[in-house]
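Down below is the structure, laid out as structure tokens.
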Amino acid sequence: MTVYIMIGSFILFCVVLMAWKKIENSGKRQDSALKQRAIFNLNEQLTYTRLKEVLPDRTILAHVSYDALLTTKFYRTRNKYRHLIADFVVLDQHHQIVAIVAVDDPLVLKRPQQAQYQDALLTMAGYRVIRYEDVPEYQQLRQDFLREQDVVDQETKTNSLSDLKKYHLYSDLERRKIKAVS
């Protein structure tokens, strides 16, 4: 009988000891192990590759925070876009933003209202937003970027010729004479 009491006491002691350690560790939060993660998902990889192929002279930035794209005076307005991220930002040779490309991932269930809200924020700030439902095809990218680039280049050439006619030399400007009153 004493053997059973000793075994029971030992088991009870082990159970109490394990419960004590569990209570002691529950107060401390433990971090999980860090693991590597892919920068792009499959759709983003394909889109990035196609953008680089279609626009080799442009700089393509990925996962750009709205905080880097937008600024505002009030903190409460900034909170509306604080955690938003643009998929791709296309820059020209002078590092000016040409367009912001958004790709909807069919695997992620996003609300269409959220996408419209994000597009509206960027559009209000004066950015051109191009949203694709899936990975854009080469033809679609060429149509959206290269044809527009040709139109902009033609307008720039036309404007530069007309600007020469608009601006006067300093010697042609009227100068007002100021009289000193004594």
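All residue numbers for the sequence shown refer to this note's numbering, where the first residue is 56 and numbers rise by one.
Each residue gets a CB set at the ideal place from its N, CA and C atoms; glycine is no exception.
Since we're looking at a predicted model, the values are computed, not measured.
Going straight from the alpha carbon of residue 146 to that of residue 74, what length do you get?
59 Å
Among 72, 107, 99 and 79, nearest to residue 201 - alpha-carbon criterion:
107
Using the rule of at least 16 other Cβ atoms within 10 Å of the residue's Cβ for burial, across every protein chain shown, is residue 189 buried or exposed?
exposed
DSSP state of residue 126, grouped into three classes?
coil
Shortest alpha-carbon distance to residue 112 belongs to which of 150, 119 and 181?
150
Residue ranges of each alpha helix (DSSP H) within the stretch 83-170, 4 or longer:
97-109, 121-124 and 130-133
Please classify residue 59 as buried or exposed, where buried requires at least 16 other C-beta atoms within 10 Å of its C-beta.
exposed
Quick check on the burial criterion: 16 or more other C-beta atoms within 10 angstroms. Buried or exposed for residue 141?
buried
In terms of DSSP beta bridges, what is residue 185 paired with?
156
How many whole angstroms separate the CB atoms of residue 117 and residue 103, which I take to be in contact at a CB cut-off of 8 Å?
6 Å
I'd like the span of the alpha helix (DSSP H) that includes residue 196, first residue to last.
193-196
Given this structure, state the Cα-to-Cα distance separating residue 72 from residue 62, to the nearest angstrom.
15 Å
Is residue 73 helix, strand or coil by DSSP?
helix
Run the CB neighbour count on residue 70, radius 10 Å, all protein chains shown included, and call it buried at 16 or more, exposed below.
exposed
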